[in-house]
């Protein structure tokens, strides 16, 4: 389930860039910097450390270039859907038996 690379606000405007698009980009980057500062402060207060190299950023309806900039600010990787969490794929519907085959196989192998 990959995203189209066109932000939702551009779909509504027919894909034309406007001044508000630059405000949107600026706001997203500011949010990424705020999150970075928050995580650094969390490390200082808690004494725990965060390994950004093992972290991933996921997003829906955001341009790949902007998502890449946010990932570089945070020092993490860009990942796409579907992904696995605790051995179960997230981002798919799980309606077909094939979607559960890997879970059933893991249980059988135990």
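In the working numbering, the protein residues as written are 27 to 136. The C-beta atom is built at its ideal place from N, Cα and C for all residues, glycine as well. These numbers were taken from a predicted model, which means no experiment stands behind them.
Q) Exposed or buried, what is residue 53 when buried is set at 16 or more other beta-carbons lying within 10 Å of its beta-carbon? A) Translated into the one-based positions of the chain shown, residue 53 becomes position 27. Classification for residue 53: exposed.
Q: Could you check the C-alpha separation between residue 59 and residue 81 for me, to the nearest Å?
A: Translated into positions along the chain shown, residue 59 becomes position 33. Translated into positions along the chain shown, residue 81 becomes position 55. In a straight line, the C-alpha of residue 59 is about 16 Å away from that of residue 81.
Q | Simplified DSSP assignment, three categories, for residue 122 | A | Start at 1 with the first residue of the chain shown, and residue 122 comes out as number 96. Three-state DSSP puts residue 122 in coil, outside helix and strand.
Q: Spell out a yes or no on whether the stretch 85 to 101 and the stretch 125 to 134 are touching, meaning 3 or more CB-CB pairs, one atom from each, closer than 8 Å.
A: no
Q.
If we require 4 or more residues per run, which alpha helix (DSSP H) segments fall completely within the stretch 45 to 83?
A. 45 to 72
Q: Could you tell me whether any non-hydrogen atom of the ligand GDP is closer than 8 Å to the CB of residue 131?
A: No copy of the ligand GDP appears in this structure; indeed no ligand is present at all.
Q) Taking C-beta to C-beta, are residue 83 and residue 97 nearer than 9 Å? A) Along the chain shown, read from residue 1 onward, the residue named residue 83 stands at position 57. Along the chain shown, read from residue 1 onward, the residue named residue 97 stands at position 71. Contact: yes.
Q: Go to residue 138, then tell me how far its alpha helix (DSSP H) extends in each direction, as first and last residue.
A: Look at the range of the chain in this structure, 27 to 136, and you will see that residue 138 is not part of it.
Q. Can you list, in chain order, the residues of its chain whose CB lies under 7 Å from that of residue 121, leaving out five sequence neighbours each side?
A. Within the chain shown, numbered from 1, the residue matching residue 121 stands at position 95. Apart from sequence neighbours up to five positions away, no residue of its chain approaches residue 121 with a beta-carbon distance below 7 Å.
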